[in-house]
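Asks:
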Amino acid sequence: MITIIAATNRPNSNTLKVAKYYQKRLKEKGTETNLFSLEHLPADVLNTDMYGKRSTAFQEIQDMINNTEKFFFIMPEYNGSYPGVLKVLIDACNFPDSFYDKKAALVGISSGKYGNIRGVDHFTGVCHYIHLNILPLRLHIPNIKTELDEAGNLHQPDTVKFTDEQIEKFISF
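Basically my numbering = 1-based index in the sequence shown + 530.
1) Label residue 685 either buried or exposed according to how many other C-beta atoms from any shown protein chain fall within 10 Å of its C-beta, with 16 as the threshold for buried.
2) Given this structure, state the Cα-to-Cα distance separating residue 537 from residue 557, to the nearest angstrom.
3) Within a Cβ cutoff of 8 Å, which residues of the same chain sit near residue 694, ignoring the five residues on either side of it in sequence?
4) Per the contact definition of three or more C-beta pairs closer than 8 Å, is the stretch 652–660 in contact with the stretch 629–638?
5) Taking residue 672 and residue 640 to be in contact with their CB atoms under 8 Å, please state how far apart those CB atoms are, rounded to whole angstroms.
6) Give the DSSP-derived three-state secondary structure of residue 655 in the structure shown.
7) Residues in the same chain with beta-carbon distance under 8 Å from residue 553, minus the five sequence neighbours each way, listed in chain order, please.
8) Assuming residue 696 contacts residue 678 under a Cβ cut-off of 8 Å, what Cβ separation, rounded to an integer in Å, is found between them?
9) For the alpha helix (DSSP H) that contains residue 533, what are its first and last residues?
10) Kindly provide the ranges of any beta strand (DSSP E) runs that are 3 or more residues long and lie completely inside the stretch 599–636, ordered along the chain.
11) How should residue 586 be labelled, buried or exposed, when 16 other C-beta atoms within 10 angstroms of its C-beta is the threshold for buried?
12) Which residue comes first and which comes last in the alpha helix (DSSP H) that contains residue 563?
13) Can you tell me the Cα-Cα spacing of residue 648 and residue 607, whole angstroms?
14) Starting from residue 671 and walking both ways along the beta strand (DSSP E), at which residues does that stretch end?
15) Going along the chain, which residues of its own chain have a beta-carbon closer than 6 Å to the beta-carbon of residue 539, five neighbours each way excluded?
16) Is the beta carbon of residue 632 sitting closer than 9 Å to the one on residue 601?
17) Tell me whether residue 638 sits in a helix, a strand or coil according to DSSP, three-state version.
18) Give me the Cα-Cα distance between residue 663 and residue 698, rounded to the nearest whole angstrom.
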């Protein structure tokens, strides 16, 4: 099972639009996915699900993580890195079995011109620590507002080409 994680808790985000685009493209290639937006983390996750505690609400998320073999992380740039809420997800999940020896593809997005290069690099370090194997083709999509059309689809030819390449490589990864 592949799970796409929209790595922000901001409602109606461009991150979620890109995640939905990836889900649509994967379905067109015959691959079913889960889509999980971090806006659906339990509001009190820091108090209810850290340091060995587990709430009923987070257990459903933990089960989804356990049943996933491959992850797409779509990450916006927050203050020169990835969102803290993504780190909260990783920290709240059971260690080491949640991500150990599973696979992931990383996509950084930003409204600026670098496509969250540093955030993807920072998160790559976390992935290495938790033994999550990363597809070498990591994408960075800058100026996200110019990349998405009214329907929430990526439409710039180079971006479509590279996302399709990443999706194809990830399916066989």
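C-beta: ideal position from N, C-alpha, C; glycine also.
Replies: In this structure, then:
1) exposed
2) 20 Å
3) 555
4) yes
5) 6 Å
6) helix
7) 534, 563 and 565
8) With 8 Å as the limit, residue 696 and residue 678 do not qualify as a contact, their Cβ atoms being about 17 Å apart.
9) Counting along the chain, residue 533 falls outside any alpha helix (DSSP H), though it belongs to the beta strand (DSSP E) covering 532–536.
10) 600–606
11) exposed
12) Run containing residue 563: none in the alpha helix (DSSP H); it sits in the beta strand (DSSP E), 563–567.
13) 8 Å
14) 669–671
15) 568, 569 and 615
16) yes
17) strand
18) 17 Å
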